[in-house]
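Note that the working numbering numbers the sequence shown so that position 164 is 164, with each residue one more than the last. No residue lacks a Cβ here, since even glycine has one placed at the ideal position from N, Cα and C.
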Amino acid sequence: MIGPLVSVAILVLGGFSRHQGPADPGIIYPDSSVPVFDNGRTAHTNYVFWVGTPQQHHDSPDLISPEPFGPQRTVTPSGYYPADIRAAYHLPSLAGAKAIAIVDAYHTPTALNDFNVFSKQFGLPVETSTTATATKNNVFQVVNPTNAKLTTNTSWGQEATLDIEWAHAIAPNAKIYLVEAATNSTDDLYAAVKLAAGLPGVAEVSMSWGSPEFPTEYAYDSTFVQKGVVFIASSGDTGAPEYPAAGVNVVGVGGTSLTMSKGAFVSETPWGSSGGGPSAYTKLPAFQSAFSSIFKYRGGPDISCVADPKTAVAVYFSGSSSGPGWTTLGGTSVSCQIFAGMVNAAASWQTSSAAELTKIYAGLGGADFRSIKITASNLLWRDPGHPTVTKGWNYITGVGTPLGLHGL
Numbered sequence: 001m002i003g004p005l006v007s008v009a010i011l012v013l014g015g016f017s018r019h020q021g022p023a024d025p026g027i028i029y030p031d032s033s034v035p036v037f038d039n040g041r042t043a044h045t046n047y048v049f050w051v052g053t054p055q056q057h058h059d060s061p062d063l064i065s066p067e068p069f070g071p072q073r074t075v076t077p078s079g080y081y082p083a084d085i086r087a088a089y090h091l092p093s094l095a096g097a098k099a100i101a102i103v104d105a106y107h108t109p110t111a112l113n114d115f116n117v118f119s120k121q122f123g124l125p126v127e128t129s130t131t132a133t134a135t136k137n138n139v140f141q142v143v144n145p146t147n148a149k150l151t152t153n154t155s156w157g158q159e160a161t162l163d164i165e166w167a168h169a170i171a172p173n174a175k176i177y178l179v180e181a182a183t184n185s186t187d188d189l190y191a192a193v194k195l196a197a198g199l200p201g202v203a204e205v206s207m208s209w210g211s212p213e214f215p216t217e218y219a220y221d222s223t224f225v226q227k228g229v230v231f232i233a234s235s236g237d238t239g240a241p242e243y244p245a246a247g248v249n250v251v252g253v254g255g256t257s258l259t260m261s262k263g264a265f266v267s268e269t270p271w272g273s274s275g276g277g278p279s280a281y282t283k284l285p286a287f288q289s290a291f292s293s294i295f296k297y298r299g300g301p302d303i304s305c306v307a308d309p310k311t312a313v314a315v316y317f318s319g320s321s322s323g324p325g326w327t328t329l330g331g332t333s334v335s336c337q338i339f340a341g342m343v344n345a346a347a348s349w350q351t352s353s354a355a356e357l358t359k360i361y362a363g364l365g366g367a368d369f370r371s372i373k374i375t376a377s378n379l380l381w382r383d384p385g386h387p388t389v390t391k392g393w394n395y396i397t398g399v400g401t402p403l404g405l406h407g408l
């Protein structure tokens, strides 16, 4: 089985704590993205950023401020644009229908503004209502499950902003709900998931957060069952499996490193920090029955998209103490939302996550997925007994990355 998670180093600079990645000290984990081993009582975000000079498809614009303790902010967008990601994965520019519900913790007061700034920049539909919570909103709506005044959290706010912008970027014609759980306790988040699944028109519920696996996680599997809804979660940014992505009723999305040049695809490789490996507690599900002679526990992730913070995407967030501005963010939070948009854009409207997973695995090794080449040494620590698993699937990128929408 997998080895123990390597702890991240904590730096305190100017009163701001940041956490360096175990495998690459250039990867910085904000406070909210550091895993806590508390038997699944709380969840952490899955976005990270890079403190070096990231690979940029677009010219790096002038900085608003150096901001050495957080992701750097710029006057105009840098990193990959929606058009870049659509080109990399052969996606249509105008797609999407019904609705995607994104579940995050705490309140993000700038969500509507930032959603519209991002949308205007990239020619996407904007929400014309000035009331974020109005039920008649056609493009974007904030939902507060408890109808109470929620506290704010900057790191979770940045997560939520990333999430709503990039699900919208891939499925611009789908309504985006941001469902705000009261806190990052899993009790609150799972309650928000249940509410999200029942909102009008919702076809996908997307969760860019998770917890280190815990022995009783299977007791929560029923949270992710709703007829006509596919549940999608990020696989994590520390290499180890997480729940709910490791659950039997959730599509787990891992991460890759994507290289583009002048808007054209160049290469895609595994992102080593992408969460994955055999689950410690979830038995092998029916959709992975092809692996039954190899291992007995659920393997993850199921599929992947770009997540490496060195090949990050553009995000607009005005909730930072350094002021508004564009930034570039990575992590499996990015890949999770890109994939949620893809599933929506595919419009196959599967009856459940299990049905979606069955379709994905039916295409294993086929033309609908870009198989990501990987070496056995990169996988060995995740499962020493089965470093390569099977042709077309591995413990970092799953079946690979989608090429078009036919496999979804």
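Here DSSP, grouped into helix, strand and coil, assigns F287 to helix. Within the region 207 to 275, the runs of beta strand (DSSP E) that reach at least 3 residues and sit entirely inside it are, in chain order, 209 to 212, 230 to 234, 251 to 261, 264 to 270. Distance from the CA of I28 to the CA of V193, rounded to the nearest whole angstrom, comes to 28 Å. Under the DSSP assignment, I100 falls in the beta strand (DSSP E) whose first and last residues are 99 to 105.
The Cβ atoms of E242 and E204 do not sit closer than 8 Å to each other. Excluding its 5 nearest sequence neighbours in each direction, G400 has C-beta neighbours in its own chain below 6 Å: F369, R370, S371, I372, listed in chain order. Taking a C-beta distance under 8 Å as the contact criterion, C336 and A233 qualify as a contact pair. Bridge partners of K175 according to DSSP: A99. Taking C-beta separations shorter than 8 Å and ignoring five residues to either side along the sequence, the partners of T256 in its chain run E268, T269, P270, W271, S274, S304, C305, V306, A307, D308, S335, I372, T397, T401, following chain order. H44 carries a strand assignment under DSSP once its states are collapsed to helix, strand and coil.
Here DSSP, grouped into helix, strand and coil, assigns L150 to coil. Here the C-alpha atom of Y177 lies approximately 31 Å from the C-alpha atom of V51. Under the three-state reduction of DSSP output, P309 falls in the helix class. CA-CA distance, P172 to F295, rounds to 39 Å. DSSP places A167 in the helix class (H, G or I) of the three-state scheme. For A246, the closest alpha carbon among the candidates S353, T328, A169 is that of S353. Counting along the chain, Y190 sits inside no beta strand (DSSP E); it lies in the alpha helix (DSSP H) bounded by residues 186 to 197.
Between T45 and W209, the C-beta gap is smaller than 8 Å, which places the two residues in contact. Around the CB of V75, fewer than 16 other CB atoms lie within 10 Å, so the residue is classed as exposed.
Of the residues assessed, G239 falls on the buried side of the cut-off, its CB having 16 or more other CB atoms within 10 angstroms. The beta carbons of V266 and G79 sit no closer together than 8 Å.
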